[in-house]
Amino acid sequence: MALSQSFDLNIRKRKPGRHHSVLPGFNLALGYTLVYLSLIVLVPIAAVFIRTAELSFAEFWEIVTAPRVVASYKLSFGASLIAAAINAVFGLMLAWVLVRYSFPGKRIVDALVDLPFALPTAVAGIALTALYARNGWIGQYVEGVLGIKIAFAPAGVLVALVFIGLPFVVRTVQPILEDLETELEEAAASLGARRWQTFRYVLLPILLPALLTGFALAFARAVGEYGSVIFIAGNIPLVSEITPLIIITKLEQYDYVGATAVAVVMLVFSFVLLLLINFLQAWSSRSIGGSR
Amino acid sequence: MSIEVRNIHKRFGDFVALNDISLNFEAGQLVALLGPSGCGKTTLLRIIAGLEQADSGLVTLEGEDASDASVRERQVGFVFQHYALFKHMTVFDNVAFGMRMKPRAQRPSKQQIKDKVHELLNLVQLDWLADRYPSQLSGGQRQRIALARALAVEPRVLLLDEPFGALDAKVRKELRRWLRKLHDELHITSIFVTHDQEEALEVADKVVLMDHGRVEQVGTPEEVYNHPATPFVYSFLGSVNLFHGRVEEDGLRVGSHAVPHAQDNFTQGSEVFAFVRPHELQIITDAGQSQGVAAKVTRVLSFGVSARVELEGLEKDSHTTNDQHFEVELTQAQVSELALVAGQIVRLVPSKLKLFDRPGYVPADSASIRGLNASSDKVIGKVL
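Taken in order, these protein sequences are the chains called A and B. Everything in the first sequence is counted per the numbering used here, starting at 1 for the first residue and increasing by one. Everything in the second sequence is counted per the numbering used here, starting at 293 for the first residue and increasing by one.
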């Protein structure tokens, strides 16, 4: 009722500064979004911060800069960034193949891409460990012959993170590639551009925003990943221990405050990195949008 | 630069896109490839550009076999129907693209590129848009930028694929006049594809008419319009009334109606297509007249310089109409003299008929005029 009244008022005498929109329901939609976001995301995160506030700053600092914890940040964020970068390159390639070529079994390959989404992460972890362990199918050659240790080493963490991050880049880039007119490439070729020039100057700028989104998603997923990593990592303190494992370990020792303190650092780190990626993405999509 | 294609064949699966095409494009001419959609004109253009490979046949550029050369090597400028501008680049960068992609040794200096881009933008009269992005331009402006971009690499040939197809009627008219002017200044050998006969006749030095993957006629606009070589060309260029008839000694028998016609060298009894342009049909209002095809007036459109009368064919000696439509063009004076009203029964007598053999004629089988179906929207009248 109140809504319809204000609607009438709007028509009769338009208040200064209030415009009649062709898209009604802005207030309602925004209100709903904020409440939803608060309940699902903001309140739990706020709880983490509030819990941490029980500590003095000195205590907090001591917990979050303990050598074992610092080593875990390096591994978690470093491996996540590298894994996301690997996925950006090969995900783009995979998306390209799926969009541009037709080959027998294409649909099956397309469906396989989503498998890391659907598979329980523990299953993925156990399977990867079995493969890359010294007596595994791949491990016996890589470790036995080449001498590169993958399972129970930082490299194993990377392998697991690449595995679970694969679908993100493929699925964000794929629709953009599908919409891309082949005429653009033909135009570039007719203007004398070589294949790599066409890719570098015509295709990549158009794909970059989607590629960055996929990168950000794969990175975020990798930072938070727990299940698949702990099986293959070996969890050696200072060497192959990821931050989520540190948190779980603290929880198991009933050190709730310590766990939330580490979680706060992780949250802030992740937020800053994602924010940076978002800025990059906004910048790159502005440069292709032209107007707007 | 002259272009020659010889015995070009191209199929897409079961569909024959080009069937033994041989054409010669003289240097410095502006040639139109004209035909209905699906006639193979765009495919031919893309084969000349190197964007598509022919199944067999030769493409020679300036006497040199270019069949295996890539698009890059052929140095052709290509303009797409939907512009294909790089939307993440400004107008300036779009035009400069071709020059910047050159190998370092051949690449002009920054200043040379800048001068050349502004020169080209001035040529297409859009220098003031250099810093804009393609999404901020109108369709006509985009196509002119696309043309400037293609000219920037100094192509030996300019190929345009329905360049005005996506524009509205007024801009299209403006741009085609402008294209003709530009061609007169640059004299670069150009081929453009269109399905718009008016566009082809107005702009081109030479028109190549194509249908079903074959060349129907090649000639100047005057030649193809005034002396159509095939029924397809006749019906595709301009409005036309079509009769299916049989040659008899006193004229042409169209269904149950007799139409006077001076004897050509057609043998008696042969089945023919007869074409009449709208201005070559006379309307006889005298009820006693027995010659000509009976028809009923449906609409009189008397605006413009000349008036048009639309009619429907009548069955033999009855008042039921069949689904044959006719169009007659008269002067305004004639219309007011005849005082035609809708529903009036008249007879149509052609003052000039153009006859074509109906090969493989099977009575009442529309498949025998397959060649005409593709352009049936242009064929107004049909009497069986």
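For glycine and all other residues, C-beta sits at the position ideal for the given N, C-alpha and C. Quick caveat: nothing in here was measured; it's all calculated off a predicted structure.
- For VAL416 (chain B), the closest C-alpha among the options B:GLY369, B:LEU606 and B:LEU471 is that of B:LEU471.
- Annotation: the continuous alpha helix (DSSP H) that includes PHE231 (chain A) extends over 227-233.
- Against chain A, the CB of MET393 (chain B) has a partner CB under 8 Å away; the residue lies at that interface.
- Within chain A, the C-beta atoms nearer than 9 Å to that of HIS374 (chain B) come from GLU181 and GLU183, in chain order.
- C-alpha of VAL69 (chain A) to C-alpha of THR243 (chain A): approximately 7 Å in a straight line.
- The stretch 262-281 of chain A makes no contact with the stretch 326-335 of chain B; the number of CB pairs closer than 8 Å stays below 3.
- Interface criterion met: the Cβ of VAL368 (chain B) is under 8 Å from a Cβ in chain A.
- In the structure shown, ASP578 (chain B) adopts coil according to DSSP, grouped into three states.
- With contacts defined by Cβ atoms closer than 8 Å, VAL532 (chain B) and PRO513 (chain B) do not form a contacting pair.
- Counting only runs of 3 or more residues that sit fully inside the stretch 474-562 of chain B, the beta strand (DSSP E) segments are 481-486, 498-503, 506-511, 532-540, 543-546 and 549-552, in chain order.
- Per the DSSP secondary-structure output, SER348 (chain B) pairs in a beta bridge with B:HIS301.
- Between THR172 (chain A) and GLU185 (chain A), the beta carbon gap of about 21 Å keeps them out of contact (Cβ cut-off 8 Å).
- Contact with chain A is absent for GLY505 (chain B), since none of that chain's Cβ atoms lies less than 8 Å from the residue's Cβ.
- In the DSSP annotation of this structure, SER359 (chain B) is not part of any alpha helix (DSSP H), being labelled neither H nor E.
- Shown in chain order are the members of the stretch 318-348 of chain B whose Cβ falls below 9 Å from a Cβ of chain A: ARG338, ALA341, GLY342 and LEU343.
- Take GLU446 (chain B), set aside five residues on each side of it, and no residue of its chain has a beta-carbon closer than 6 Å to its own.
- The three-state secondary structure of PHE378 (chain B), taken from DSSP, is coil.
- Within the DSSP bridge table, the entry for PRO642 (chain B) names B:LEU573 as partners.
- Going by C-alpha positions, VAL157 (chain A) is about 9 Å away from SER76 (chain A).
- Nearest to ASP312 (chain B) by alpha-carbon distance, out of B:MET502, B:GLU466, B:LYS462 and B:ASP419, is B:MET502.
- Contacts with chain B at 8 Å (Cβ-Cβ) do not include VAL159 (chain A).
- Bounds of the beta strand (DSSP E) holding VAL368 (chain B) are 368-371.
- DSSP, read as helix, strand or coil, puts ASN135 (chain A) in coil.
- ARG591 (chain B) is bridged by DSSP to B:GLU602.
- In the structure shown, LEU310 (chain B) falls within a strand segment according to DSSP collapsed to helix, strand and coil.
- In summary, the residues of the stretch 427-458 of chain B whose CB is separated from some CB of chain A by less than 9 Å are SER427, GLN428, ALA438, ARG441, ALA442, ALA444, VAL445, PRO447 and LEU451, in the order they occur in the chain.
- DSSP places THR612 (chain B) in no alpha helix (DSSP H); its state is neither H nor E.
- Contacts between ILE206 (chain A) and chain B, judged by CB atoms closer than 7 Å, involve HIS380 in chain order.
- Not one beta carbon of chain B lies nearer than 8 Å to the beta carbon of LEU203 (chain A).
- For ALA53 (chain A), there is no enclosing beta strand (DSSP E), as DSSP marks it with neither H nor E.
- When Cβ pairs closer than 8 Å are counted between the two stretches, the stretch 196-210 of chain A is seen not to touch the stretch 40-48 of chain A, the count staying below three.
- With the rule of 3 Cβ pairs closer than 8 Å, the stretch 614-622 of chain B does not count as touching the stretch 643-651 of chain B.
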